[in-house]
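Asks: The structure's right below; bear with me while I get my questions together.
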Amino acid sequence: MSDEKIVVITGASRGTGLTMAQTFTDAGWTVIGTGRSPEPETFPSNASYKQFDAADAAGAENFWREVRGEHPAAQVCLINNAGSYVSGGLSEVSAEDYLQQMQSCYFAAVYMTRGMATVIPKARIINVISASALQAHRKNAAYGASKAAEMHFFHSLQMEFPPEQYQITNLYPTAIASQGPDDNAITTEDLAHFILEQAESQRTYYLCDVTLARAKQ
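Okay, here's the thing in structure tokens:
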């Protein structure tokens, strides 16, 4: 196996994904960010960015075939981070928004993981889910359900594949300061460094499911 380490980060055009792209680049990884939006001006210059919709199954498969062809022996880490946020009561959220919520959170993670598995025989998979997957909240049905579906999907994969093949870590942050400073949320920098630690860990154990809460409230 090559010494090259590749990390694929979905939802890398802004917020947590953009911070992770910089953090992994600084640590010497080959970084490939993906997103539906155009490449941001602040994206690391020595990283690469692919614009496509991760919730499109064919697009995800084509992406992974390209990665495999360009880096046939690299060690791979996939970070499923993409996702939008829709809040509101049952009648306040449109049918289209319910669908979009599932596509951006659940299907993006499903298709990127499935596309990877068709060509990458061994990888680390780190999923930025949400504490909303663990606990229902008022007027949070659309988002919470999409995250709960994502959690269930990866719990099933943890049983389907041994960690020697696909080592899967699910993260459940209570809140992330992805829109700017927030005294009640985890900073994107701290979350990015925690994820880097998991991706680089060579210990005899790994973290399967972790809830992350703000240390100071």
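Count the sequence shown with this note's numbering and you get residues 17 to 233, in order.
Just so you know, even glycine gets a beta-carbon here, dropped at the ideal spot from N, CA and C.
Everything numeric in this text was worked out from a predicted model, so none of it was measured.
#1: Quick check on residue 227: does DSSP put it in helix, strand or coil?
#2: Indicate the three-state DSSP secondary structure (helix, strand or coil) for residue 84 in the structure shown.
#3: Nearest-angstrom Cα distance between residue 128 and residue 204?
#4: Compute the Euclidean distance between the alpha carbons of residue 207 and residue 164, then round it to the nearest angstrom.
#5: Return helix, strand or coil for residue 91, following the three-state DSSP convention.
#6: Could you spell out the range, first to last residue, of the alpha helix (DSSP H) harbouring residue 211?
#7: Does the stretch 222-231 come within contact of the stretch 104-111, defined as at least 3 CB pairs closer than 8 Å?
#8: Just to confirm, is the Cβ distance from residue 36 to residue 211 under 8 Å?
#9: How would you label residue 117, buried or exposed, when you count the other beta carbons within 10 angstroms and need 16 or more for buried?
#10: According to DSSP, is residue 144 helix, strand or coil?
Replies: Concretely, from the data shown:
#1: strand
#2: helix
#3: 22 Å
#4: In a straight line, the C-alpha of residue 207 is about 20 Å away from that of residue 164.
#5: strand
#6: 204-216
#7: no
#8: yes
#9: buried
#10: It is a strand residue.
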